[in-house]
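Chains as they are written, first to last, in our numbering: chain A, 153 to 238; chain B, 4 to 221.
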């Protein structure tokens, strides 16, 4: 493994770019540097993976249970709206 | 025989037919729509206002707005995104009124440019070989722990603890699965601003989940 040159992306900088990378808004050159770094750095690869996992887990948080019966106020709202239209 | 109602939960369902059924006053069409969206609407409303009770009022106000605005719905967006547009308008104006009347604002100002990861996790800039590289790199999370109810609840709480606007952005994007365009429209912010907020929110939640996962595995 060769020491990083000053132009290399440090891990510390990479973690600030993760969202832009996942949102696909990094300019081409920066995206290439990002991917080159990830390919050879296990810590950053794990970090990126954790971010993806976090997004996936967040999407699984269930909404509160909705009672099978609609709230009575809503039925009144609907009934009065319908009456107004008639 | 009555015409079959489209299933509002089916992706790409026939919005036009559902709207037509609503316009002609069919209660079951309204109830189907309520059943489909109510849970998510309450959750979204809760990120804008101070209490579950106020969120319920916002959702009810939204349904009123949906019914009265029905004749203006032209199908340029999906019915779902039209409904949530009305919801976020109601929720935002309610939230703005609340924060004006609050004795001190619960909205902290734009926070400083905080790092995504605690700087002590990295080697110093003066390190001879690996400046700015990981000193203590993150460890892979165990898939079976990630999938537990406890983890879901922990993530939910970590999101709930974020500053208001970060919480709104991550909730809409990651919890509700909205697109970046839908989120920006709902919150009235630019794409760039949205990304900054999303980045801060995800970074903070990741850091907390990391601690949780380590604690759990020991």
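Idealized CB from N, CA, C, for every residue including glycine.
Nearest to residue 50/B by alpha carbon, out of 141/B, 97/B, 138/B?
-> 97/B
Three-way DSSP call (helix, strand, coil) for residue 125/B in this model = strand
CB residue 181/B to CB residue 229/A, shorter than 8 Å?
-> no
Are the C-beta atoms of residue 188/A and some chain B residue less than 8 Å apart?
-> no
Determine whether the Cβ of residue 120/B lies closer than 8 Å to any Cβ atom of chain A.
-> It does: the Cβ of residue 120/B has a partner Cβ on chain A nearer than 8 Å.
Report the neighbours of residue 149/B on chain A: residues whose CB is nearer than 8 Å to its CB, in chain order.
-> 205, 209
From the beta carbon of residue 172/A, is the nearest beta carbon of chain B less than 8 Å away?
-> Interface residue, yes.
The region 134–148 of chain B: which residues have C-beta closer than 9 Å to a C-beta of chain A, in chain order?
-> 134, 135, 136, 137, 139, 140, 141, 142, 143, 144, 146
Show which residues of chain A have a CB atom less than 7 Å away from the CB atom of residue 66/B.
-> 226, 229, listed in chain order.
Identity of the residues DSSP links to residue 137/B by a beta bridge | 125/B
Residue 307/B (DSSP reduced to helix, strand or coil) = Given that chain B is displayed from residue 4 to residue 221, the structure contains no residue 307/B and the question cannot be resolved.
Would you check if the distance between the CB atom of residue 225/A and the CB atom of residue 160/B is smaller than 8 Å?
-> Cβ atoms of residue 225/A and residue 160/B: not closer than 8 Å.
Proximity winner among 17/B, 210/B, 29/B, relative to residue 167/A (alpha-carbon distances) = Here the closest residue by C-alpha is 210/B.
Residues in the region 27–57 of chain B with C-beta within 8 Å of chain A's C-beta atoms, listed in sequence order?
-> 28, 30, 33, 34, 37, 38, 41, 42, 43, 45, 46
Would you say residue 25/B and residue 73/B are within 8 Å of each other, going by their C-beta atoms?
-> yes
Less than 8 Å separating the beta-carbons of residue 45/B and residue 56/B?
-> Residue 45/B places its beta carbon 8 Å or farther from that of residue 56/B.
Can you tell me the Cα-Cα spacing of residue 233/A and residue 43/B, whole angstroms?
-> 24 Å
In three-state DSSP terms, what is residue 167/B?
-> It is helical.
Measure from the alpha carbon of residue 89/B to the alpha carbon of each residue in 68/B, 39/B, 32/B, then state which is nearest.
-> 68/B
With 8 Å as the threshold, decide whether the Cβ of residue 201/B is near any Cβ in chain A.
-> yes
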